[in-house]
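*Asks:* Mind looking over this structure? Questions follow.
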Amino acid sequence: MSDIDVLAKMRSRFYDRLSECIEQKSSNHLYISDGKYKELIKEVREAKAEEKKKTIHYRRLKRFDIMTVDNQDKLIVPIATEGASVLYYVPYEELFDVINETHISVGHGGRNRILAEAGRKYKNVSSEAVLIYLRLCEACEKKQKSAKRLVKPIFHSEMNSRAQVDLINMQSNPDKFIFVYQDHLTKFVILRALRTKTAEEVAYNLLDIFTTFGAPCILHSDNGREFCNKVIQNMCEMWGEMKIVHGKPRHSQSQGSVERANQDIENMLATWMETNKTSKWSEGLKFVQAMKNRAYHDGIKSSPYEIMFGVPMRMGLATSVLPRDAVKTMNSEEDLETVLSNITISGNENELNDQEKDSDDDAQDNDMEDSVTSNDVQDSNDKVPQLPGTSESNQDRINKVRKIREAAREGLEIQAKKMKKISNEKFPDAQVGQNVRIKVPDVDRAKIDPKSIIAVIIKKEDELYQLGTKLGIINSLYSRNQFTVCSEIFISLEDVKPEEISLRSVVSKQSLVGGQGFKKCTCLKKCITKKCICRGNNMKCNSKCHGSDPCTNK
Numbered sequence: 000m001s002d003i004d005v006l007a008k009m010r011s012r013f014y015d016r017l018s019e020c021i022e023q024k025s026s027n028h029l030y031i032s033d034g035k036y037k038e039l040i041k042e043v044r045e046a047k048a049e050e051k052k053k054t055i056h057y058r059r060l061k062r063f064d065i066m067t068v069d070n071q072d073k074l075i076v077p078i079a080t081e082g083a084s085v086l087y088y089v090p091y092e093e094l095f096d097v098i099n100e101t102h103i104s105v106g107h108g109g110r111n112r113i114l115a116e117a118g119r120k121y122k123n124v125s126s127e128a129v130l131i132y133l134r135l136c137e138a139c140e141k142k143q144k145s146a147k148r149l150v151k152p153i154f155h156s157e158m159n160s161r162a163q164v165d166l167i168n169m170q171s172n173p174d175k176f177i178f179v180y181q182d183h184l185t186k187f188v189i190l191r192a193l194r195t196k197t198a199e200e201v202a203y204n205l206l207d208i209f210t211t212f213g214a215p216c217i218l219h220s221d222n223g224r225e226f227c228n229k230v231i232q233n234m235c236e237m238w239g240e241m242k243i244v245h246g247k248p249r250h251s252q253s254q255g256s257v258e259r260a261n262q263d264i265e266n267m268l269a270t271w272m273e274t275n276k277t278s279k280w281s282e283g284l285k286f287v288q289a290m291k292n293r294a295y296h297d298g299i300k301s302s303p304y305e306i307m308f309g310v311p312m313r314m315g316l317a318t319s320v321l322p323r324d325a326v327k328t329m330n331s332e333e334d335l336e337t338v339l340s341n342i343t344i345s346g347n348e349n350e351l352n353d354q355e356k357d358s359d360d361d362a363q364d365n366d367m368e369d370s371v372t373s374n375d376v377q378d379s380n381d382k383v384p385q386l387p388g389t390s391e392s393n394q395d396r397i398n399k400v401r402k403i404r405e406a407a408r409e410g411l412e413i414q415a416k417k418m419k420k421i422s423n424e425k426f427p428d429a430q431v432g433q434n435v436r437i438k439v440p441d442v443d444r445a446k447i448d449p450k451s452i453i454a455v456i457i458k459k460e461d462e463l464y465q466l467g468t469k470l471g472i473i474n475s476l477y478s479r480n481q482f483t484v485c486s487e488i489f490i491s492l493e494d495v496k497p498e499e500i501s502l503r504s505v506v507s508k509q510s511l512v513g514g515q516g517f518k519k520c521t522c523l524k525k526c527i528t529k530k531c532i533c534r535g536n537n538m539k540c541n542s543k544c545h546g547s548d549p550c551t552n553k
């Protein structure tokens, strides 16, 4: 099945699920069909032209306005103040495309990231529609992980108070490692592709970051050799205020924040490779860095980029006030000037006095409106939206950044309290035909392969389940706590081939890089010969190899 067919099937199922939800509601003011969209534009124009306005006219003008872009009318939220963002209403038929594009732009992010990104430009993208979409995304279903033990959170109130750094082992590919540097407060990450994990290469990348952003007071690293030799320590001596704090040996949870970022980066990189049909992960690293820093972070209640610099990350015209269809047709500055010159927002003259009319009727509109009073909608002939500028003074920007970072610190404290309340989930019985997600052991997959595979339950015997995939029946039985039931159907019983196959073989055949990228050795003689698994595969030993025994292959 081609990508176009998969997307078309996903679109069809999305609207089927969403229609079922809408039918269960007594009223619907959130989703606007194409016909209703055109009808509302007509009603808004009539309300503006009406001299003796009725309640319905005030209600329409309170919720809607019209912006004409390149001779096309767009329904928007009334602009109450100069410089306010333009928010478009999305027609029901375009809702899937908007959510799909937003989902991909934030690296297959979850509900909060999609809502935060879409909310910058669109008014009526609901969490209900986003959740329906996410349940249908097979790539997102594969990257889900099992719950882990919680760790004690670390708090800092200033940017560059503490930074965390780590390497992601990618030795099954030409560039061997991903260098990950994260500021603890802002969650801003910097990624680099490394060919070795020698002290010289690691120190060079750290020094490049420190001379750009300044050195942190505390640099938290793991106990790997890459951060403990003389070159790194000499570099730290050059920066007297910096101190290295070592984590517990081979205990990634002591570096919880950066380790969670590592998982997110691996997931984003895997979905980027799958989307772009390439195995060259280093080419996507910069895109992943941008997506990671642009995406909404639930702990700091904003994006890392905005906490770091005080403004949202701009993606050219894609994040401007212009609608999607207008941006797609632009190729030159002349095209941009033409569209900008054709933007008009019709005004509301001598309308909407201070009295609130028919409050009972207004109550049903709360699904789609902000707290906009009638005198908030004023003459907007001169409120043509502008492209992002630099109207703020330096002191205003500094105060804004401080306020944002203080809110980020408070958000991290709230998140820590929530983490302490999390309890173990219960596992109800699964039924034959249900799709499940099986966690793949690290030794059976490459670092950038999905963390899970999708299977279907074939039969159940004595509390054990036999599972099948499109490549065959898995040759081992699973207990209920070894898989998670999916909410949607990605594989039917008819799709399962009759021959038996191992889990490692399934992962290897589905992998874009050959699978089984993780290896470790248990050598006792310094890994000198090619009897060492790592050396025999032209790989460096890692922190999981041979305990604390000496090694010459690092």
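Residue numbers (numbering that gives the first Met the number 0): 0 to 553. By construction, the Cβ of each residue, glycine as well, lies at the ideal position given by its N, Cα and C atoms. It should be emphasised that the depicted structure is a prediction, and the values quoted were computed from it without experimental measurement.
Would you kindly report the start and end of the unbroken alpha helix (DSSP H) that includes Leu60?
*Replies:* Residue mapping note: residue 60 aligns to position 61 of the sequence shown, counting from 1. Taken as a continuous stretch (DSSP letters only), the alpha helix (DSSP H) holding Leu60 covers Thr54 to Arg62.
*Asks:* According to DSSP, is Asp548 part of a helix, a strand, or is it coil?
*Replies:* On the sequence shown, position 549 is the one that residue 548 refers to. Correct three-state label for Asp548: coil.
*Asks:* Alpha carbon to alpha carbon, how far is Ile527 from Cys4? Give it in angstroms, no decimals.
*Replies:* Here residue 4 refers to the residue found at position 5 when the sequence shown is read from its first residue. Here residue 527 refers to the residue found at position 528 when the sequence shown is read from its first residue. Position check: residue 4 holds Asp in this sequence, whereas Cys was assumed. So the two alpha carbons sit approximately 52 Å from each other.
*Asks:* How would you call Val431, buried or exposed, if buried means at least 16 neighbouring beta carbons within 10 angstroms?
*Replies:* Stepping through the sequence shown from its first residue, residue 431 is reached at position 432. Val431 comes out exposed.
*Asks:* Helix, strand or coil for His107? Go by DSSP, reduced to three states.
*Replies:* To locate residue 107, count along the sequence shown from 1; it is residue 108. Looking at His107 - three-state DSSP - the assignment turns out to be coil, as it is neither helix nor strand.
*Asks:* Taking all protein chains shown into account, decide if Pro303 is buried (16 or more other Cβ within 10 angstroms of its Cβ) or exposed.
*Replies:* What you label residue 303 is simply residue 304 of the sequence shown in a count that begins at 1. Classification for Pro303: buried.
*Asks:* If we ignore side chains and look at the alpha-carbon of each, how far apart do Arg259 and Pro497 end up?
*Replies:* Numbered from 1 along the sequence shown, position 260 holds the residue referred to as residue 259. Numbered from 1 along the sequence shown, position 498 holds the residue referred to as residue 497. If I take the Cα positions, the gap works out to 38 Å.
*Asks:* CA-CA distance, Tyr477 and Asp448?
*Replies:* On the sequence shown, position 478 is the one that residue 477 refers to. On the sequence shown, position 449 is the one that residue 448 refers to. C-alpha separation (whole angstroms): 21 Å.
*Asks:* Among Asp441, Phe176 and Asn552, whose alpha-carbon lies nearest the alpha-carbon of Cys522?
*Replies:* What you label residue 522 is simply residue 523 of the sequence shown in a count that begins at 1. Minimum Cα distance to Cys522 is reached at Asn552.
*Asks:* For Gln481, which of Tyr464, Asn474, Arg444 and Lys524 has the nearest alpha-carbon?
*Replies:* In the sequence shown, residue 481 corresponds to position 482, counting from 1. Cα-wise, what sits closest to Gln481 is Tyr464.
*Asks:* With the cut-off set at 8 Å, would you say Gly471 and Ala454 are in Cβ contact?
*Replies:* Stepping through the sequence shown from its first residue, residue 471 is reached at position 472. Stepping through the sequence shown from its first residue, residue 454 is reached at position 455. For Gly471 and Ala454, no; Cβs fall outside 8 Å.
*Asks:* Just the C-alpha distance for Glu45 and Ile65, rounded to the nearest angstrom, thanks.
*Replies:* Looking up residue 45 in the sequence shown gives position 46. Looking up residue 65 in the sequence shown gives position 66. Roughly 12 Å between the two C-alpha positions.
*Asks:* For Ser104, count neighbouring C-beta atoms within 10 Å of its own C-beta (all shown protein chains included) and say buried if the count is 16 or more, exposed if not.
*Replies:* For the purposes of this step, residue 104 is taken as the residue at position 105 of the sequence shown. Counting Cβ neighbours within 10 Å, Ser104 comes out buried, since at least 16 surround it.
*Asks:* Drop a sphere of 10 angstroms on the beta-carbon of Asp395, count the other beta-carbons inside from all chains shown, and report buried for 16 or more, exposed for fewer.
*Replies:* In the sequence shown, counting from the first residue as 1, residue 395 sits at position 396. By the 10 Å Cβ count, Asp395 comes out exposed.
*Asks:* Are the beta-carbon atoms belonging to Lys285 and Gly410 less than 8 Å from one another?
*Replies:* If you number the sequence shown from 1, residue 285 lands on position 286. If you number the sequence shown from 1, residue 410 lands on position 411. No, the pair does not count as a contact, with Cβ atoms beyond the cut-off.
*Asks:* Can you have a look at Leu17 and say buried or exposed, based on whether 16 or more other CB atoms are within 10 angstroms of its CB?
*Replies:* Locating residue 17 in the sequence shown gives position 18, where the first residue counts as 1. It is buried - the Cβ of Leu17 has at least 16 other Cβ atoms within 10 Å.
*Asks:* Between the stretch 27–43 and the stretch 73–93, do three or more beta carbon pairs fall short of 8 Å?
*Replies:* Touching, yes.
*Asks:* Specify, as a first and last residue, the run of the beta strand (DSSP E) that Phe578 falls within.
*Replies:* It is not possible to answer for residue 578, since the shown part of the chain is limited to 0 through 553.
*Asks:* List the whole-angstrom C-beta distance separating Phe426 from Glu140, where the pair is believed to meet the contact cut-off of C-beta under 8 Å.
*Replies:* Here the question's residue 426 lines up with position 427 in the sequence shown. Here the question's residue 140 lines up with position 141 in the sequence shown. About 18 Å; that fails the 8 Å criterion.
*Asks:* Might you give, ordered along the chain, the residues of its own chain that have their beta carbon closer than 7 Å to the beta carbon of Arg10, omitting 5 neighbours on each side?
*Replies:* Numbered from 1 along the sequence shown, position 11 holds the residue referred to as residue 10. Result list for Arg10: Phe95, in chain order.
*Asks:* I'd like the span of the beta strand (DSSP E) that includes Ala162, first residue to last.
*Replies:* Locating residue 162 in the sequence shown gives position 163, where the first residue counts as 1. Unbroken beta strand (DSSP E) run through Ala162: Arg161 to Asn168.
*Asks:* Among Pro77, Lys519 and Lys120, which residue has its Cα nearest to the Cα of Met314?
*Replies:* Working through the sequence shown from its first residue, we reach residue 314 at position 315. Ranking Pro77, Lys519 and Lys120 by Cα distance to Met314 puts Lys120 first.
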